[in-house]
Structure formats: C-alpha cells, structure tokens
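Number of protein chains: 2
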Amino acid sequence: MARIAVTDGMADDAVLILQEAGHEVEFLEKNDQINGFDAVVIRSATKMTNQAISSAPSLQIIGRAGVGVDNIDLVAATNAGILVCNTPSSSTQSVVELTIGHLLASTRHIPAADRDLRSGQWTKKNLKGTELYGKRLGFIGFGRIAQGVGNVAKALGMELHAYDPYLPFEIANEHGCKLHKNVEDLFRNCTHISVHCNLTDETHHLINSRTLSLMPGLGADGTNCGNHIVSCARGGIVNENDVLEALQNGTLSSCALDVFESEPETSHLILQHPKFHGTPHLGAATYEAQKRIGFEMANLLINFFNGITPKSVVNKDVLN
Amino acid sequence: MARIAVTDGMADDAVLILQEAGHEVEFLEKNDQINGFDAVVIRSATKMTNQAISSAPSLQIIGRAGVGVDNIDLVAATNAGILVCNTPSSSTQSVVELTIGHLLASTRHIPAADRDLRSGQWTKKNLKGTELYGKRLGFIGFGRIAQGVGNVAKALGMELHAYDPYLPFEIANEHGCKLHKNVEDLFRNCTHISVHCNLTDETHHLINSRTLSLMPGLGADGTNCGNHIVSCARGGIVNENDVLEALQNGTLSSCALDVFESEPETSHLILQHPKFHGTPHLGAATYEAQKRIGFEMANLLINFFNGITPKSVVNKDVLN
Numbered sequence: 248m249a250r251i252a253v254t255d256g257m258a259d260d261a262v263l264i265l266q267e268a269g270h271e272v273e274f275l276e277k278n279d280q281i282n283g284f285d286a287v288v289i290r291s292a293t294k295m296t297n298q299a300i301s302s303a304p305s306l307q308i309i310g311r312a313g314v315g316v317d318n319i320d321l322v323a324a325t326n327a328g329i330l331v332c333n334t335p336s337s338s339t340q341s342v343v344e345l346t347i348g349h350l351l352a353s354t355r356h357i358p359a360a361d362r363d364l365r366s367g368q369w370t371k372k373n374l375k376g377t378e379l380y381g382k383r384l385g386f387i388g389f390g391r392i393a394q395g396v397g398n399v400a401k402a403l404g405m406e407l408h409a410y411d412p413y414l415p416f417e418i419a420n421e422h423g424c425k426l427h428k429n430v431e432d433l434f435r436n437c438t439h440i441s442v443h444c445n446l447t448d449e450t451h452h453l454i455n456s457r458t459l460s461l462m463p464g465l466g467a468d469g470t471n472c473g474n475h476i477v478s479c480a481r482g483g484i485v486n487e488n489d490v491l492e493a494l495q496n497g498t499l500s501s502c503a504l505d506v507f508e509s510e511p512e513t514s515h516l517i518l519q520h521p522k523f524h525g526t527p528h529l530g531a532a533t534y535e536a537q538k539r540i541g542f543e544m545a546n547l548l549i550n551f552f553n554g555i556t557p558k559s560v561v562n563k564d565v566l567n
Numbered sequence: 248m249a250r251i252a253v254t255d256g257m258a259d260d261a262v263l264i265l266q267e268a269g270h271e272v273e274f275l276e277k278n279d280q281i282n283g284f285d286a287v288v289i290r291s292a293t294k295m296t297n298q299a300i301s302s303a304p305s306l307q308i309i310g311r312a313g314v315g316v317d318n319i320d321l322v323a324a325t326n327a328g329i330l331v332c333n334t335p336s337s338s339t340q341s342v343v344e345l346t347i348g349h350l351l352a353s354t355r356h357i358p359a360a361d362r363d364l365r366s367g368q369w370t371k372k373n374l375k376g377t378e379l380y381g382k383r384l385g386f387i388g389f390g391r392i393a394q395g396v397g398n399v400a401k402a403l404g405m406e407l408h409a410y411d412p413y414l415p416f417e418i419a420n421e422h423g424c425k426l427h428k429n430v431e432d433l434f435r436n437c438t439h440i441s442v443h444c445n446l447t448d449e450t451h452h453l454i455n456s457r458t459l460s461l462m463p464g465l466g467a468d469g470t471n472c473g474n475h476i477v478s479c480a481r482g483g484i485v486n487e488n489d490v491l492e493a494l495q496n497g498t499l500s501s502c503a504l505d506v507f508e509s510e511p512e513t514s515h516l517i518l519q520h521p522k523f524h525g526t527p528h529l530g531a532a533t534y535e536a537q538k539r540i541g542f543e544m545a546n547l548l549i550n551f552f553n554g555i556t557p558k559s560v561v562n563k564d565v566l567n
C-alpha cells in the first residue's frame, strides 16, 4: 500500500480505483506537506521545485496528470531518484477541439460579437470575418495534438504547414503537411499559426516581433485575411508584449491564447485588446480529458507500485 | 442597359462588373425609392413587402444576395411578374465555419472565459467543458450547409443525425448521416442540435420547450455533457423565450445564435444569460462569401438582361 498525495485535483473515479487497489489518497492544498508520501499527483498549478523535491525524501514518483512538465525540476527529480511520469495522450482531443474553436472564434469575431450584443449593440457591419478555407495553417511543432488539429483543419479546407526539427519528413507527409526547414520559412508562408511545441530554451519567445513581421497577411487564396496566432500549448512561447504591439500596429489581425507566460494571468494589457481573446488554460479542462487522465494516472501508479516501470517516464535518465 | 438599385450593399468588384457590362448601379438607403429601377439587389435587411413591390411597377427582378427569401413577399412578386433569385451556394463555407465555431465556443465556454479574463478573473475551475468527440449532432434540415458542417463534425469524431422530410434517404446515407422519421426522434437522440432549415410555417418555433425537453443530456459516449443548441439559419425557428427558460432551468447547457426572430436584436433577455452567446447574423459576413455572392449576383443580372433565365429563380411559378 502506497501513500499518494494529490495537489491539483483528480477525477473521482480515478481516486476510487486507487483506493480499491489498496492505496491511500490524500488531497493537499499545497505541496509543502508531501514528505511521508510515496507519490504525488499534480497538474500544471503545482510547482515541483528543487526545494519541494528535497523536502520529500520519501517520494518515489511524481505523476503529472497532463502533458507539460515545465513546472517540475526534472534534474532535481532525477538526482533524487524520483520518476516523473505524465499522461501524454489523454488530453489530445480536448486540446484539438479548443484550438479549432479558438481559430474560428478569432476569424469570425465570436467573443467580440457577443460582447457587443450583451451591451445592446448590433455591430454586424464592423464584424466581417474571413474563412479558414483556402488558407495556410502553420504548426510550430507537429506532434499528436497538431496532427489532430491538422485533420480537422483539412476538413475545413486549409493547407497544412509545419516546422518541427524533431519530426521525420515521412510523418508530416502522411498527414498531408508540408514540413519547413526553418521557422522563418513557416512564418513567411502562413497567415495562421498554431503553437504546439514544448516550452524550452529554444522555443521561449519564439513568437515575437521579428517572426510575426515575416507573416504574409495575404491568404494563399488571395484573400486579404491578415495574420492570426493561436496557442493552446504553453505560456512563454508567445511573447505577449510583442503580440500586443503587433495587434496594435496591425501586423496581427487576431490572437487567441489559452496559456500565458505568468499564470494565473489577470492583468496583462493584452487581455483588453479588442482583437485578442483568451481562456484560462482550459486545454485539458473537459470531463472527458480529466476522466481519461485520471484513469491513465491511476493505472500507471498501480502498475508502478506493483513493480512495473511506466512507459511515460519523462526523465528517462533516472532509470539508468 | 438596366438600372439596378442596391439597398444592403454589394462587393465593389461585383458593382464594377455590372458597370462594365453597361448597367447603372445606384446605392439606396431604403427601398422606398425603387420605382424606375429594373432590378433591386437586397440582402436580409431590406423587407420586400407587397407594398414595396407594388410601389415599383418597373421592377423585373429582385436579386437576393444570399440565401433566405423570407424577407420577400414571394406571392406579391409572382403576381407582379417579378423574378426573385438568390445566390444559394456562395455563402455555404462561411456558414459551415461559423456553425462549427459556435458549437466549440459553447462547449468550451470561450466567450464566457474571455469575459472573465477581461474582468481580471482566472475562472479555470468554473469552466470545465465537454468534447464534441463521441457525441451526436442532430441537424434540422440536411442541405448543403448541414452537409458541410457534418463533414467537419465527422473529423471531430461526432455521429451525424438529421431530420429532413424533403431529403432522399440515399443523400443522408452518402454523408454517413442517420435520417430520423420525425423531429421528436431527432431531439430524443441528440445532445447537440444545429438548425439548418428555412423559416416556414412548419419550422416556426420548432425549437421550443416541448422539443427541448426531449433531449437526452447524456452523450452517446456516456458523458454527462448536457444539451446544446446552435442556429446560424434563420430567426423565428428557435423560440427564444423557451430557450432562455431552458437555459435557466438547466434543460439546456448552452445556446449559440447567429439569427434572431426580431433583427436587429439588442434587448432580448437571452443575450444576457451566461450560457448564451451570439453573433449579429454573421453567417455570410466574410470577405470570401461577399465576393462570391457579388460575382454570382452580377453574372446572374447580366445574363438576365441578356435574356437568360437564372437557374436560382425562387418563385418558379412566375415563369409559367
């Protein structure tokens, strides 16, 4: 029997599975009382810093219920012999749907239109949009989620382009996606860019004044559709100050963000721009994704405490 | 050379084509000065009542730049020997995209989330959504637009259902869509309903307390996703008072409307409900659709004044 701490919530059904397997599950408000626990299950809100990790010598495994692990000090975890595991595929469909929703909400002014209606204004004449059909969608990173977005975008009549230095050409090809050799080429070719990479030193502020200035504004079908950015990936990849300036000077026609460099974000001026709209990190915030994530995490932990190494170990060095 | 009045605007390129063909184009604010014109081009804002039609004995043709003709008294036009023609396919893709955008904006709370962010609130915990994947999308009317929406919805993993008494079973079958024999069956089977029929006596207030009460709330995949209504078709098919009540009592989890019974709508209480969002009749409000509509209408009028009967005559009796 293992003691499992849960700091950012977990689906009820998943907790039940753990308990039925004989494990003790305790919900904690913070991660400063995790000493004595064998495992901790976190989402994106809990920061597993070197200090937090050092405070709990009992920990054997950190379970990230979700995908991104930039809130975990992987080096500290590895040095302490702690496995870090995530649930990489459980939230894919939810993020795919939110990304398509944000793209269409941007190009058809849905949040702005609703804002106007609520204030008693019928602003049809100011709200002419553009179609996604016939335009080029550029993916920064072309993993599972981007491939899923690509599948829907193709049904909407978009051309797929990507920059992903880690992806074999054949995979992009299978999905009917043109792979570009450098990120500048992607920006030069695409009026619509969707971010789907991890946050790393390489991708930090990759969306900035310089890269935005390369975007064509003119759609592949000849429509003067402007440039559009959407990110449901990770805060910090988009330079929010640069995007705000690009919205102000017309370089960008819209920007939709689900993730922010500093979360919770409630005060950045970009939130107030009429051509911006945002959601508070809702990529995996569906009943379906949370249920799948919970099941995946519960099974992973049960297997782990039965001596089976999870497939989704992020810090593989710890296994050496 | 014909004299053509335009009351609700027309794309510049299309006006140029008409002028280059030798016709005179005049923009009017209202339709009370159309006497003396051979043709009038309208969108949805101009009402061509019996009185308006009687006031202009010179009229030979009414061009509806768009689809719906419920703003035109077809009997009066037919009696006066005036052809009524529309541009049925030019706006299809734009309406398809807006419909998918509204569906996703509803299920992922995009306008509500943006509203909260703008007011400085990070309400992630209140905004859990549901996936479209695995749910049943019920179409009321399964013509060109619904078929286009269905194509994208399939890519999102939805099951397609429809009620359309005028559609041959084979057409629905080709699109992988299950056709229901009565509208009650459609409501009983579908958690998500999208309206794509014309406004007629038969469809007036078809979405009402009784039909809404039949919806299952429980998704086909077992998710407790609630019930969702979207309409980018025509005002008057949805009973807005009944929908508001259904949002208030929990029968409905969301409603998104692009069309309203009384347009411009700026005061109905439904506009203020947190689970409602709307757009001011933006279905065809894209640069692409307006350009296609303009070209289609310009060519139709040029052909008509060269003695060629347009294919898209709505009041076919006038040809007898």
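Protein chains in written order, with the numbering used here: chain A, 248 to 567; chain B, 248 to 567. Using N, Cα and C, we set each Cβ at its ideal position, and we do this for glycine too.
{"query": "Residues of the stretch 465–482 of chain A with Cβ closer than 8 angstroms to any Cβ of chain B, in chain order", "result": "D468, T470, N471, C472"}
{"query": "Reference A:T533; option with closest CA among B:L345, B:G376, B:V331", "result": "B:G376"}
{"query": "Other residues of its chain near B:I392: CB distance less than 7 angstroms, five sequence neighbours each side excluded", "result": "T339, V342, V343, H443"}
{"query": "Short CB-CB distance (under 7 angstroms) between A:I357 and chain B", "result": "yes"}
{"query": "Coil, strand or helix - B:H349 by DSSP", "result": "helix"}
{"query": "Proximity to B:K382 [Cα-Cα], best of B:I418, B:H349, B:N471", "result": "B:N471"}
{"query": "Chain B contacts from the stretch 301–332 of chain A (Cβ-Cβ distance under 7 angstroms)", "result": "none"}
{"query": "Local Cβ density within 10 Å of A:D448, reported as buried at 16 or more and exposed below that", "result": "exposed"}
{"query": "Close Cβ partners of B:Y380 (< 8 angstroms) along its chain, the five nearest in sequence each way excluded", "result": "L403, G404, M405, D468"}
{"query": "When B:P415, B:V561, B:E271, B:L566 are compared against B:N445, the one with the closest alpha-carbon", "result": "B:V561"}
{"query": "C-alpha gap between B:I484 and A:A258, whole angstroms", "result": "39 angstroms"}
{"query": "Beta carbon of B:S441 nearer than 7 angstroms to that of B:V477", "result": "yes"}
{"query": "Any C-beta of chain B under 7 angstroms from that of A:E535", "result": "yes"}
{"query": "According to DSSP, residues forming a beta bridge with B:R383", "result": "B:E406"}
{"query": "Backbone secondary structure at A:A286 - three-state DSSP", "result": "strand"}
{"query": "Exposure of B:V322, with buried meaning 16 or more beta-carbon neighbours within 10 Å", "result": "exposed"}
{"query": "The stretch 505–522 of chain A / the stretch 363–370 of chain B touching (three or more Cβ pairs under 8 angstroms)", "result": "yes"}
{"query": "Contacting residues, own chain, Cβ-Cβ under 8 angstroms from A:L265 (five flanking each side not counted)", "result": "I251, V272, A545, L548, I549"}
{"query": "Partners in chain A for B:T438, counting only beta-carbon separations shorter than 8 angstroms", "result": "The premise fails here: B:T438 is roughly 13 angstroms from chain A at the closest Cβ pair, so nothing lies under 8 angstroms."}
{"query": "Contact set between B:P527 and chain A, taken where Cβ atoms lie within less than 8 angstroms", "result": "A360, D363, L364, W369, T370, K371, L374"}
{"query": "is_contact[B:T577, chain A] using C-beta, thresh 7 angstroms", "result": "This structure leaves residue 577 of chain B out entirely; chain B is present only between 248 and 567."}
{"query": "Proximity test, Cβ basis, 7 angstroms: A:E344 and chain E", "result": "The displayed structure is made up of protein chains A and B, and chain E is not among them."}
{"query": "Contact with chain B by A:Y410, beta-carbon distance below 7 angstroms", "result": "no"}
{"query": "Contact set between B:I249 and chain A, taken where Cβ atoms lie within less than 9 angstroms", "result": "Here the sequence assigns Ala to residue 249 of chain B, which means Ile is not the residue at that position. Per Cβ cutoff of 9 angstroms: no residues; B:A249 is ~28 angstroms from chain A at best."}
{"query": "Beta carbon proximity, B:N222 to chain A, threshold 7 angstroms", "result": "The structure shown does not extend to residue 222 of chain B, since chain B is modelled only from 248 to 567, so the question has no answer here."}
{"query": "Cβ separation of A:D275 and A:T296, assumed to be a contact under 8 angstroms, to the nearest whole Å", "result": "Position check: residue 275 of chain A holds Leu in this sequence, whereas Asp was assumed. Actually they do not touch by this definition, with Cβ atoms about 16 angstroms apart."}
{"query": "Residue from B:T354, B:T498, B:C332, B:G328 with nearest C-alpha to B:N318", "result": "B:C332"}
{"query": "Contact under 7 angstroms by Cβ, B:D505 with B:H528", "result": "yes"}
{"query": "In chain order, each alpha helix (DSSP H) run of at least 4 residues that lies wholly inside the stretch 440–479 of chain A", "result": "456–459"}
{"query": "Between the CA atoms of B:D432 and A:I387 - distance to the nearest angstrom", "result": "44 angstroms"}
{"query": "Separation of B:T498 from B:Q307, as counted between CA atoms", "result": "49 angstroms"}
{"query": "DSSP state of B:E271 mapped onto helix, strand, coil", "result": "strand"}
{"query": "Exposed unless 16 or more other CB atoms sit within 10 angstroms - verdict on A:N282", "result": "exposed"}
{"query": "Residues within the stretch 509–521 of chain A neighbouring chain B, beta-carbon criterion of under 9 angstroms", "result": "E510, P511, E512, T513, S514, L518, Q519"}
{"query": "Within chain B, the residues that A:I347 reaches when beta carbons sit closer than 8 angstroms", "result": "I347, L351, L403"}
{"query": "Contacting residues, own chain, Cβ-Cβ under 8 angstroms from A:L465 (five flanking each side not counted)", "result": "T438, N471, C472"}
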